[in-house]
Amino acid sequence: MKNLVEDLLKNNYLITPTAYYELAPHYEGDAFSLAELIKFAKGEFDTFIIDEKVVSAFLKSKGLGVPLEKELQPPEEPQELIEEKAVESEPNVEVSTELGEEVQKHVEIKAIHEESHETPGAAVEVSVDEFGNGESSISNGAFTSNGSDEEENGVLSKSAYSEYGVLVTLEEEPPEEIGKKSYSVYEDFKVVPREGFAPRAAGMESHARVLFDVKDVKLTPPKAKNANGKEGEIVIKSYSLLFRSRLRKMRKIIRNTHELRGVVDIGRLGYTGGYDDEIVIIGLVNSKRETRKGFIFEIEDATGVIKVFIGRDKEDYKKAFEVLPDSVIAFSGVYSKKGIFFANRMFLPDVPIYRKEKPPLEEKVYAAVISDIHVGSDKFCEKAFMKFMEWLNGYVGSREEEEIVDRLKYLIIAGDVVDGVGIYPGQYNELEIPDVFDQYEALANLLDNVPKHIQMFIGPGNHDAARTALPQPGFYDEYAYPLYRLKNTIIISNPALLDLHGRKFLIAHGRGIEDVVGNVPKTSHHEPAKAMVELLKLRHLAPTFGEKVPIAPDPEDLLVIEDVPDFVQMGHVHVLDYRIYNGVFLLNSATWQAQTEFQKMVNIVPTPAKVPIIDVETARLKTVIDFSKWCEV
Ligand code: D5M
Ligand code: FE
Ligand code: ZN
12 MKNLVEDLLK NNYLITPTAY YELAPHYEGD AFSLAELIKF AKGEFDTFII DEKVVSAFLK
72 SKGLGVPLEK ELQPPEEPQE LIEEKAVESE PNVEVSTELG EEVQKHVEIK AIHEESHETP
132 GAAVEVSVDE FGNGESSISN GAFTSNGSDE EENGVLSKSA YSEYGVLVTL EEEPPEEIGK
192 KSYSVYEDFK VVPREGFAPR AAGMESHARV LFDVKDVKLT PPKAKNANGK EGEIVIKSYS
252 LLFRSRLRKM RKIIRNTHEL RGVVDIGRLG YTGGYDDEIV IIGLVNSKRE TRKGFIFEIE
312 DATGVIKVFI GRDKEDYKKA FEVLPDSVIA FSGVYSKKGI FFANRMFLPD VPIYRKEKPP
372 LEEKVYAAVI SDIHVGSDKF CEKAFMKFME WLNGYVGSRE EEEIVDRLKY LIIAGDVVDG
432 VGIYPGQYNE LEIPDVFDQY EALANLLDNV PKHIQMFIGP GNHDAARTAL PQPGFYDEYA
492 YPLYRLKNTI IISNPALLDL HGRKFLIAHG RGIEDVVGNV PKTSHHEPAK AMVELLKLRH
552 LAPTFGEKVP IAPDPEDLLV IEDVPDFVQM GHVHVLDYRI YNGVFLLNSA TWQAQTEFQK
612 MVNIVPTPAK VPIIDVETAR LKTVIDFSKW CEV
């Protein structure tokens, strides 16, 4: 039988699992040829990754619908949702202005839709309980659901499609070796500080505190009506609370930034018929579509849903490209009796252009910001990292560096601190330390060499032993406990907001960058700071549900960037990059992992082993200390 994934791979094309499930039956039924698909992806989207967007456009172009065969439906998906989806994809401009219950239903349907596809985090937890299977308990859920077992020569070999459609064999856990480990966890790596090393920072007090940590937020899960417990009901309710929370927070931000007056609830637009004055609506973006004449949005608030049109002739028209699904934006314009809102202006939440200068500090103090150490990977630049540890202990290369180490008071680590195990299929072959416990032990042994006067903050990323879905409250103690033993270390959530000497440092691992790249024109993995600016403009760390980044069904949206930070640090994309936007300094802190096989395939070129040093007073980059010459893998 024809195999779409393999055929695509032969041509250096990749496919996402959802896209695969939509396309494969058509392909196997000879409804189109491989060449047609490739030509379409290249010609229309200029991409070598076949995702849902490409597929839906391709199927439309071929006059093929999404197949409704039974085996293609997730078994629990009710018929009305399928209909709802079909309606959503219909390119009509009709407007629904039903209020009250109808609207609530809409919100809930959306929530169910998220739930059924987009919470690998939740799915993982279920699979752990059900199967007690070590491999699937740590993998990100997307893989476990499409796993297949094939009996070959009596040997059971498990295989799965990875997130990007690569068919890989899931290795069995190798039998545990008794006795000596074949790898080092750096027990013997102990840096002796340079003789006479007495940095000024050792005498400085730490002026750092955590302003916001997910762990400190008391979330009250909603109660299910039926006490016999339908877990799904609670999750749906949670998502609908999450949307409301997002709307509430973003409305406040938008009104503060733009001083908007005359905001009208969408449900009351019908009463504004005779008004000549412009009115303002604020809502969550359900959909966005470009037409010949402009953009058509569907916007929703707690009271209703409406179609909004903004024409190409409007000065704000270009902002539409920056809007991500499920973000919250505002329009000003007029409501037509036909039920369409004609926008003259549009507003992203954004940050104010001007801000108050912070009072100067009495003395200079610096923070080193790093991320994505990936300890345990066979591409981890261990030598470079060890050099960094030595550097922190006074083994510097120049006078300028001496001045920095002398005043270095903080070290912030923004996630992916270890490589993890079972994070993606086939990872086992790329692990130097194939055990998560040992990876954290190894990291702790390395970080034990950070001088005790340096205050560390360490948060999780998607490779860590932590909840997969965002936000991530912290590390799972039973794996990461060696980190808790480190002195002068505060474990933070992803995201977290710190106050360093009166400056606000927003720290996040940065998966939201994936939402931006591929959705907003002229953004790419190669320039993550640009993508970070887009997130800042939307005032959200990962707005989009159901695409790349799993969002947990918390009843409050903790990913809204509520306070305007002075400095934003993210990692995840492994590329050092920075820029200033409206007085906010944004920086991506790269990695300590050399290019992996996967990254080679999708052309991600990391810039490993560089340490950005932030001048806390200005919250700007002071310099970058480069250890990359020790990073040959
Ligand atoms: O992510 C490191 C980089 O690799 C980041 O740019 C995302 C990219 N990456 C990693 N895994 C995938 C998959 N499965 N699809 C697409 N892009 C990916 P890290 O979190 O360190 O693995
Ligand atoms: Fe990473
Ligand atoms: Zn990452």
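Under my numbering, the residues of the sequence shown are numbered 12 to 644, in order. Where is the CB? At the ideal position from N, CA and C, for every residue including glycine.
- About 14 Å separates the Cβ atoms of Asp-588 and Pro-619, ruling out a contact at the 8 Å cut-off.
- Leaving aside the five residues that flank Gly-594 on each side, the residues in its chain whose CB is nearer than 7 Å to its CB run, in chain order, Arg-366.
- In the three-state reduction of the DSSP assignment, Tyr-197 falls in the coil class.
- The beta carbons of Val-584 and His-536 sit about 5 Å from each other, so the pair counts as a contact at 8 Å.
- Closer than 7 Å to some heavy atom of the ligand ZN: that does not describe the Cβ of Asp-199.
- For Phe-638, there is no enclosing alpha helix (DSSP H), as DSSP marks it with neither H nor E.
- With a beta-carbon spacing of about 6 Å, Pro-482 and Pro-506 fall inside the 8 Å limit used to define contacts.
- For Glu-628, the CB contacts under 6 Å within the same chain, skipping 5 residues up- and downstream, are Leu-372 in chain order.
- Secondary structure remark: continuous beta strand (DSSP E) runs of at least 3 residues inside the stretch 316 to 384, in chain order: 339 to 346, 351 to 358 and 377 to 381.
- The chain-ordered list of residues whose CB is nearer than 5 Å to some heavy atom of the ligand ZN reads Asp-427, Gly-472, Asn-473 and His-583.
- Residue burial annotation: Asp-199 is exposed, with fewer than 16 other C-beta atoms found within 10 angstroms of its C-beta.
- Nearest Cα to Gly-207 within the set Lys-304, Glu-413 and Asp-327: Glu-413.
- DSSP places Gly-523 inside the alpha helix (DSSP H), whose first and last residues are 523 to 527.
- Burial of Ile-381 is indicated by the presence of at least 16 other C-beta atoms within 10 angstroms of its C-beta.
- Within the DSSP secondary-structure output, Asp-224 pairs in a beta bridge with Ala-507.
- Under the three-state reduction of DSSP, Gly-214 is assigned to helix.
- Within the same chain, and ignoring the five residues on either side of Arg-514 in sequence, the residues whose Cβ sits closer than 7 Å to its Cβ are Lys-369, Asp-577, Phe-578, Val-627 and Ala-630.
- Cα atoms of Ser-343 and Arg-356: separation of roughly 5 Å, rounded to the nearest angstrom.
- Annotated as proximal: Pro-210 and Val-416, with beta-carbon spacing under 8 Å.
- In this structure, Val-527 sits away from Leu-509, with a CB-CB distance that is not shorter than 8 Å.
- Rounded to the nearest angstrom, the gap between the Cα atoms of Arg-279 and Ile-310 is 14 Å.
- Ranked by Cα distance from Ala-354, the first of Phe-448, Thr-29, Asp-327 and Met-215 is Asp-327.
- In this structure, DSSP gives Leu-252 a helical state, which the three-state scheme calls helix.
- With fewer than three CB-CB distances shorter than 8 Å, the stretch 321 to 335 does not count as touching the stretch 560 to 569.
- Non-local C-beta neighbours of Ile-434 in its own chain, meaning closer than 6 Å and more than five positions away in sequence, comprise His-474, ordered along the chain.
- For Ile-503, the closest C-alpha among the options Glu-489, Arg-496, Ala-519 and Ser-600 is that of Ala-519.
- The DSSP-derived three-state label of Arg-272 is coil.
- Here Lys-621 carries a strand assignment [DSSP, helix/strand/coil].
- Less than 8 Å separates the beta-carbon of Gly-387 from that of Val-429.
- DSSP places Thr-534 in the coil class of the three-state scheme, outside both helix and strand.
- Under the DSSP assignment, Glu-311 falls outside any alpha helix (DSSP H), being part of the beta strand (DSSP E) whose first and last residues are 305 to 312.
- The secondary-structure analysis by DSSP pairs Tyr-31 with nothing; it has no beta-bridge partner.
- Checking the 7 Å criterion, the Cβ of Thr-618 is out of range of every heavy atom belonging to the ligand FE.
- A distance below 7 Å between beta-carbons, with the five flanking residues on each side excluded, links Thr-500 to the following residues of its chain, in chain order: Met-467, Ile-469 and Leu-494.
- The secondary-structure analysis by DSSP pairs Asp-588 across a beta bridge with Asn-599.
- Using a Cβ distance threshold of 8 Å, Ile-384 and Leu-454 count as a contacting pair.
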